[in-house]
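First residue of the sequence shown? That's 84 in the working numbering, and the numbers climb one at a time after it.
A quick write-up on the structure given underneath.
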Amino acid sequence: MAEQEGSGLQVLLSTLQSSSDKDVILNILRVLTDLLSVGTNRRLHYTISKGGSEALLQAMVNAAQVPMPDYEILLPLFCLLAKVGQKDKKFGLKAQRLGALDTTLNLARKNINHQRNLTHCLWALQVYASSVTAGTILGINGAMEMLFKILTPYTKKHTRTTRAVVEALAALLKSKSNSRRAINRGYVCQLLWLYQDWHHRDTSNSYVHIQRGLLLCLKHITNVRSGREIFLLSHGMETLFATAQDCLISKNLDPVVNTVTQILRKTYPKMHLPSAALCSSYSFLVPGRTGSSQARPEDYCAYDVKEEIEKDIDNEDVENKEEDDDLETDVDKLLSKPELDRPESELEQYAAMCPELCCNFVELESEPENEINSEDISATLTRSCLHVIPNAASSKHQPEWIERDQIAQRDKLPQRTSRVPVQNGLKRQKHSQGPRKVNHDESQSLEDSIREGEDSSKGCTATTLHPLAKEALRDKITFQGMNSCRSSCQETVETSEVVTKLLERHPGNIPFHNPHYYMARTGCTRSIPDYRVLAFPDLWGHIPPPYSQCLQQRRYGVQRAKIFEDVRRVIQPGDIINRVVFDLDSSNCLSSGNPDCLKFFSKFESGNLRKAVQVRECEYDLILNPDINSSQHHQWFYFEVSAMKTATPYRFNIINCEKPNSQFNFGMQPVMYSVKEALQGRPHWIRVGYDICYYKNHYQNCAAAGVPRGKWCYTLTFNIVFPHKEDVCYLAYHYPYTYSAMMSHLDILEKTTNSKKIFFRRQTLCQTLGGNPCPVLTITAMPESESTDDLEQFRERPYVMLMARVHPGESNASWVMKGTLEFLLSSDPIADLLRQCFIFKIIPMLNPDGVINGNQRCSLSGDDLNRQWLNPHPSCQPTIYHTKGLLYYLSSQDRSPVVFCDYHGHSQRKNVFLYGCSIKETLWQAGRTVDTTVVTEDVGYRTLPKILDKVAPAFLMSSCSFLVEKSRDATARVVAWREMGVLRSYTMESTYCGCSHGLYKGLQIGTCELEEMGAKFCLGLLVLQLKSLPCSKKVMAQAASLLDLDEEITDLRAQRSNSNCSLETDDELPYGDEVDYNTDSCSDQEGDFSELDEEAQECPSRGEGRKEEAESNRGQMCGPQPHGALFHQQPANGW
84 MAEQEGSGLQ VLLSTLQSSS DKDVILNILR VLTDLLSVGT NRRLHYTISK GGSEALLQAM
144 VNAAQVPMPD YEILLPLFCL LAKVGQKDKK FGLKAQRLGA LDTTLNLARK NINHQRNLTH
204 CLWALQVYAS SVTAGTILGI NGAMEMLFKI LTPYTKKHTR TTRAVVEALA ALLKSKSNSR
264 RAINRGYVCQ LLWLYQDWHH RDTSNSYVHI QRGLLLCLKH ITNVRSGREI FLLSHGMETL
324 FATAQDCLIS KNLDPVVNTV TQILRKTYPK MHLPSAALCS SYSFLVPGRT GSSQARPEDY
384 CAYDVKEEIE KDIDNEDVEN KEEDDDLETD VDKLLSKPEL DRPESELEQY AAMCPELCCN
444 FVELESEPEN EINSEDISAT LTRSCLHVIP NAASSKHQPE WIERDQIAQR DKLPQRTSRV
504 PVQNGLKRQK HSQGPRKVNH DESQSLEDSI REGEDSSKGC TATTLHPLAK EALRDKITFQ
564 GMNSCRSSCQ ETVETSEVVT KLLERHPGNI PFHNPHYYMA RTGCTRSIPD YRVLAFPDLW
624 GHIPPPYSQC LQQRRYGVQR AKIFEDVRRV IQPGDIINRV VFDLDSSNCL SSGNPDCLKF
684 FSKFESGNLR KAVQVRECEY DLILNPDINS SQHHQWFYFE VSAMKTATPY RFNIINCEKP
744 NSQFNFGMQP VMYSVKEALQ GRPHWIRVGY DICYYKNHYQ NCAAAGVPRG KWCYTLTFNI
804 VFPHKEDVCY LAYHYPYTYS AMMSHLDILE KTTNSKKIFF RRQTLCQTLG GNPCPVLTIT
864 AMPESESTDD LEQFRERPYV MLMARVHPGE SNASWVMKGT LEFLLSSDPI ADLLRQCFIF
924 KIIPMLNPDG VINGNQRCSL SGDDLNRQWL NPHPSCQPTI YHTKGLLYYL SSQDRSPVVF
984 CDYHGHSQRK NVFLYGCSIK ETLWQAGRTV DTTVVTEDVG YRTLPKILDK VAPAFLMSSC
1044 SFLVEKSRDA TARVVAWREM GVLRSYTMES TYCGCSHGLY KGLQIGTCEL EEMGAKFCLG
1104 LLVLQLKSLP CSKKVMAQAA SLLDLDEEIT DLRAQRSNSN CSLETDDELP YGDEVDYNTD
1164 SCSDQEGDFS ELDEEAQECP SRGEGRKEEA ESNRGQMCGP QPHGALFHQQ PANGW
């Protein structure tokens, strides 16, 4: 049947080209019109595949070449050409080959005074010009000059023709050679004048499409550098900015406002970031690397720049690179197991990391090497409260295999030269002035005093709590005012007194947090900037708020409003201040105490803010610090802000973000911690901010001398009203979780663990480049007795290996890990059963140095550690090298983990999901044939994610992927799967934003939900053990008595069903798809010919009895238009 239909269509098309009988041709055209006017686009594509484009073009050429062209034939032909041409990517080239370009152009010239015929010709020219090559040829042959002769000022006559003229002209100007021709002929000023005329005189907004068409012409002309220059000289920015102000409140005028915004962003003067250097403010010399290890500017400034192409290229035959190109399709490589990357004899040293395998039980009961008992805590606390920073981790924690050059490097780290002995620090020294109370009208705030004291005591070993809100000192806490003449030792003692008094007010009700333990650990943490300041939230602690926070609903039109405010800086600079109020690169990075500006600070653990510039009275541009030894990775921020006014909206613009899209465009908010709120009993990190947008700006991240171009930056902008006057608040990308917090958390867990039931071993895997210990944990159940059988069962338990925070900016991974650890070490019967089933090897933080120093992705070496697993270097990537060594050792003992999972965070998607590894799924996705005789695969890798989808509310199976990509071959997941043979090797990705399904649908994710996910992961492991792994009858019986899995799964399914979302509703394009927030490209849907199709459909194919004026005015009233992706891409779920 299909063959008969195909042959019938081919007969029609063949007859159309060859017949000279008018009635036959008209009948065929009617049939084709009816056929292609209904149904889906499949009919159009099918017609094109059968040569429909060529047949219609040839028929048009034949009909036009007679002495007296018959427009009864030509007009329906042009309508069909407009319809078919919009779906045929090679239509312009076909028209050029068949001579249709010149034929149509000649017909248009002959019909300049016949509006109806001219309009149909212009529709065809518009479709031809969708090919840049065809458009260039038309421009050479004088098409533009003809169109500018036809184009008139505002008139209510022949508006259909006028619209066809401007849209055809816009299509022609996509060719850069045509744009240059228009510039040379002075058409820029003419287009600006015509736009102004139509805009001001079209008071009823009946001809919005004509205004938009004129703007599209300007948009394409400004793609050329000379076009931008002429546009600016012609005061184009001022003109468009002024005219757009009248349109902002009307949705009907969105097509105009959106296009104006794109032009303004394109012509906004480009500039380098207002930063002193490309690379980080902090530097670190990597062992074994000669010279500076800072990244060269050209390494990052050249590769992502879209140079202006000075010649036209026809891109119709060039396909975009598909994601499938990255899939690994080499079966031999997928099946091969690489050789060891080190001598096999070296693996024996990792036996020390597995005492459960080689030691007798008496030795297992000995005190762990890294345990800190209460006396140690007290002693350390005394020193820390006096702010005498002890040495970094003792050398006894350093494995014997640590590299010599690594040890040498740690010796080169900044040393605290003026250490104050504890005995001297305890001696109270008298001051000439008695203590006085701090009041609110002091000439110098406490924050400034502490900062001044820090600046005046170079080499001082003191760390301070920075800042202390004045309310923390009211009525209770007194301290000796700090003047520049006082010694650093005196400052140390008095500041410690403030901290001690403050801690007396701590409620002590924050689970698994103790500020004394935290202070003790900060004294052992080594940082490149040599931090001496504690961030209040990390010291005081965080409790999840007693409510959930919904995904932020963005106000209509807010993004373009923000962009117009940016443009106003250039056009109306009267209120611009441009005062630097914080600069990490300056010797005195603090602000001058101006009462009219906020105060910023970020020199504390995990802090990241490089520079703050006061743009207007309540608006600040913020610049983030790149990763150390890198000039990129700007995403994580964590900083303090103070001296705010009450009930005042402040706008913050983080102007050097890198990623082309962000969940901030889809409901995500940054987080804030208020010191005053915490002191009033509400120590919460909460989601804050409104009018949040993320878009491309006019800055290039290329401030180094001699580097002309750079990587374009993106702006994250949000408004915030602080809850209190003169508060001290902290803002962060996501809930912070510092290295010191992790270490103090382990101290508390170790101290509170029931050692009679739980085997909890804490060891140091290695020292990092920065000299910080990287802990590795062993958790399992103690053997029931010391009998041989029980000890054998103890040692034969399968391994599960978990790790987190290889990327420092992914703090959500640490909160998930926190939930995992607390559940595994709890007294919950399910946790007890889980410990009886597995031995857990856990590395809670793989990149301590990156976390400490506020990096987003890299370690101190400037490497993304999750791309170094193939061949890690023992000196440059010690944590990866030794973690892989531990995996090698377990594999050599035939004890490879049954589950390996690396906890991560995902900035582009919602929900929690897993990435796994599958040969067959990878080959199928790539379209390759799978030889089942060669490729055999256990599908057990899908079991755990299916279980988590049923038991974890935040997890979504449909977001999981099991593809092996070439670009991921050096990640932990792929290496553990390929080299160690771990079938269930995963990366678990947790959203920064929120959930789009199930129990948490429409809610932003918090620390409570993240910790719950960590606990639910453990439950999933237990179900996996019961359903898929060898399991004793005793364990099965215990599990049956503890939980009814079917009932729990049914309850969760009911919750998801009640939320009316059994499947994920994607509210944004899948990760990897480019979403246009740049205001530079065709996000205005100009490539969509649906309006042209409607115009052609409305026009009758026969008869000319109607007046052309009435005919031309039909369909011109403009209703609400679809919003472009640039401003109003609304999520499917409506928030």
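For glycine and all other residues, C-beta sits at the position ideal for the given N, C-alpha and C.
Proximal residues to Asp658 (C-beta, below 8 Å), its chain only, five neighbours per side dropped: Taking the sequence shown and counting its residues from 1, the one referred to as residue 658 is at position 575. Around Asp658: Arg699, Glu700.
Buried or exposed for Asn592, going by 16 or more other Cβ atoms inside 10 Å? Taking the sequence shown and counting its residues from 1, the one referred to as residue 592 is at position 509. Exposed.
Considering only residues of the same chain and omitting the five flanking positions on each side of Ser364, which have a CB-CB separation below 7 Å? Stepping through the sequence shown from its first residue, residue 364 is reached at position 281. Cβ neighbours of Ser364 beyond the five flanking positions: Leu667, Asp668, Arg693, Asn708.
With 16 as the cutoff for other CB atoms within 10 Å, does Glu587 come out buried or exposed? Here residue 587 refers to the residue found at position 504 when the sequence shown is read from its first residue. So Glu587 ends up on the exposed side.
In the DSSP assignment, what are the bridge partners of Ala695? Translated into the one-based positions of the sequence shown, residue 695 becomes position 612. Answer is Phe665, Leu705.
Whole-angstrom distance between Ala761 and Lys1029, CA atom to CA atom: Counting from one through the sequence shown, the residue named residue 1029 turns up at place 946. Counting from one through the sequence shown, the residue named residue 761 turns up at place 678. In a straight line, the C-alpha of Lys1029 is about 40 Å away from that of Ala761.
Among Ala1122, Phe749, Thr729, which residue has its Cα nearest to the Cα of Leu1086? Counting from 1 along the sequence shown, the entry for residue 1086 is found at position 1003. Nearest of Ala1122, Phe749, Thr729 to Leu1086, Cα basis: Phe749.
Taking the alpha-carbon positions, what's the Val1158 to Thr305 distance? Here residue 1158 refers to the residue found at position 1075 when the sequence shown is read from its first residue. Here residue 305 refers to the residue found at position 222 when the sequence shown is read from its first residue. A caution first: Val1158 carries a pLDDT of 34, below 50, which makes its placement in the model unreliable, though a value can still be read off. Each residue's Cα considered, the two are about 22 Å apart.
His303 beta carbon less than 7 Å from that of Lys349: Position 266 of the sequence shown holds residue 349. Position 220 of the sequence shown holds residue 303. Their beta carbons are not under 7 Å apart, which means Lys349 does not touch His303 by this criterion.
Of the residues Gln951, Ile626, Val1047, the one placed nearest Asp424, counting alpha carbons only: For the purposes of this step, residue 424 is taken as residue 341 along the sequence shown, with counting starting at 1. Closest option to Asp424, Cα to Cα, is Gln951.
Could you round the C-beta distance between Asn261 and Gly222 to whole angstroms and report it? I think they count as a contact, below 8 Å. On the sequence shown, position 178 is the one that residue 261 refers to. On the sequence shown, position 139 is the one that residue 222 refers to. Right, the Cβ-Cβ distance comes to about 4 Å (below 8 Å), so this counts as a contact.
Need the endpoints of the beta strand (DSSP E) that Thr845 sits in, please. For the purposes of this step, residue 845 is identified with residue 762 of the sequence shown, where counting begins at 1. Residue 845 is actually Arg in this sequence, not Thr. For Arg845, the uninterrupted beta strand (DSSP E) run begins and ends at 841-850, by DSSP.
Nearest candidate by alpha-carbon position, reference Ala809, set Val758, Val343, Gln718, Ser214: Numbered from its first residue, the sequence shown carries residue 809 at position 726. According to the sequence as given, residue 809 is Glu; it is not Ala. Closest option to Glu809, Cα to Cα, is Val758.
Distance, Cα to Cα, Ser942 vs Arg888? Position 859 of the sequence shown holds residue 942. Position 805 of the sequence shown holds residue 888. Taking the straight line joining both Cα atoms gives about 11 Å.
Give, in chain order, every unbroken run of the alpha helix (DSSP H) that is at least 4 residues long and sits entirely within the segment 615-645. 619-623
Other residues of its chain near His282: CB distance less than 7 Å, five sequence neighbours each side excluded: Stepping through the sequence shown from its first residue, residue 282 is reached at position 199. Answer for His282: Gln294, Thr326, listed in chain order.
Alpha helix (DSSP H) runs contained entirely in the segment 789-838, provided each spans 4 or more residues: 822-835
Assuming Ile1002 and Val1018 are in contact, meaning their beta carbons sit under 8 Å apart, how far apart are those beta carbons, in whole angstroms? As a position in the sequence shown, residue 1002 is number 919, starting the count at 1. As a position in the sequence shown, residue 1018 is number 935, starting the count at 1. With a Cβ gap of about 6 Å, Ile1002 and Val1018 count as contacting.
Indicate the three-state DSSP secondary structure (helix, strand or coil) for Tyr290 in the structure shown. Position 207 of the sequence shown, counted from the first residue, corresponds to residue 290. Correct three-state label for Tyr290: coil.
Count the other CB atoms within 10 Å of the CB of Thr583; is the residue buried (16 or more) or exposed (fewer)? Stepping through the sequence shown from its first residue, residue 583 is reached at position 500. So Thr583 ends up on the exposed side.
Segments assigned alpha helix (DSSP H), at least 4 residues, entirely inside the segment 996-1050: 1002-1008, 1026-1034
Closer than 6 Å by C-beta to Val995: which residues in its own chain qualify, once you throw out the five before and the five after it? Chain order, please. If you number the sequence shown from 1, residue 995 lands on position 912. Around Val995: Ala1037, Phe1038, Ser1073, Met1096.
Determine the direct distance from the alpha carbon of Tyr614 to that of Lys686, and round the result to whole angstroms. Working through the sequence shown from its first residue, we reach residue 686 at position 603. Working through the sequence shown from its first residue, we reach residue 614 at position 531. Going by the C-alpha atoms only, they are around 6 Å apart.
Taking Arg844 and Pro858 to be in contact with their CB atoms under 8 Å, please state how far apart those CB atoms are, rounded to whole angstroms. Indexing the sequence shown from 1 puts residue 844 at position 761. Indexing the sequence shown from 1 puts residue 858 at position 775. At roughly 10 Å, the Cβ-Cβ gap does not stay under 8 Å, so Arg844 and Pro858 are not in contact.
Buried or exposed (CB count within 10 angstroms, at least 16 for buried), Tyr630: Within the sequence shown, the letter at position 547 stands for residue 630. Looking at its Cβ environment, which holds fewer than 16 other Cβ atoms inside 10 Å, Tyr630 is exposed.
Helix, strand or coil for Asp932 per DSSP? Position 849 of the sequence shown, counted from the start, is the residue given in the question as residue 932. Helix.
If distances are taken between C-alpha atoms only, which option among Tyr813, Asp946, Gly182, Gly134 comes closest to Arg90? Mapped onto the sequence shown, residue 90 falls at position 7. Reading off the sequence shown, one finds Ser at residue 90, where the question assumed Arg. If we check each option's Cα against that of Ser90, Gly134 comes out closest.
Please report the straight-line C-alpha distance between Ser670 and Ser358, rounded to a whole angstrom. Residue mapping note: residue 670 aligns to position 587 of the sequence shown, counting from 1. Residue mapping note: residue 358 aligns to position 275 of the sequence shown, counting from 1. In a straight line, the C-alpha of Ser670 is about 14 Å away from that of Ser358.
Give the DSSP-derived three-state secondary structure of Val1065 in the structure shown. For the purposes of this step, residue 1065 is taken as residue 982 along the sequence shown, with counting starting at 1. Coil, per DSSP.
Confirm, please, whether the CB-CB distance from Ala1009 to Thr412 is below 7 Å. The residue labelled residue 412 in the question sits at position 329 within the sequence shown. The residue labelled residue 1009 in the question sits at position 926 within the sequence shown. Result yes, Cβ atoms of Thr412 and Ala1009 sit closer than 7 Å.
Taking all protein chains shown into account, decide if Leu119 is buried (16 or more other Cβ within 10 angstroms of its Cβ) or exposed. As a working mapping, residue 119 is identified with position 36 in the sequence shown. It is buried - the Cβ of Leu119 has at least 16 other Cβ atoms within 10 Å.
Taking Cβ positions, are Thr1026 and Ser1111 nearer each other than 7 Å? The sequence position of residue 1026 within the sequence shown is 943, counting from 1. The sequence position of residue 1111 within the sequence shown is 1028, counting from 1. In this structure, Ser1111 lies closer than 7 Å to Thr1026 by Cβ.
From the DSSP output, which residues share a beta bridge with Trp768? Walking along the sequence shown from the start, residue 768 turns up at place 685. Tyr756, per the DSSP bridge assignment.
Find out if the Cβ-Cβ distance for the pair Tyr1233, Trp768 is shorter than 7 Å. Past the edges of the chain, shown from 84 to 1218, lies residue 1233, and the structure says nothing about it.
Tell whether a beta-carbon distance below 7 Å holds between Phe735 and Phe684. As a position in the sequence shown, residue 735 is number 652, starting the count at 1. As a position in the sequence shown, residue 684 is number 601, starting the count at 1. Not closer than 7 Å, so no.
Counting only the same chain and skipping the five closest in sequence on each side, list residues whose C-beta sits under 6 Å from that of Glu867. As a working mapping, residue 867 is identified with position 784 in the sequence shown. Within the same chain, Glu867 has close Cβ partners Asp873.
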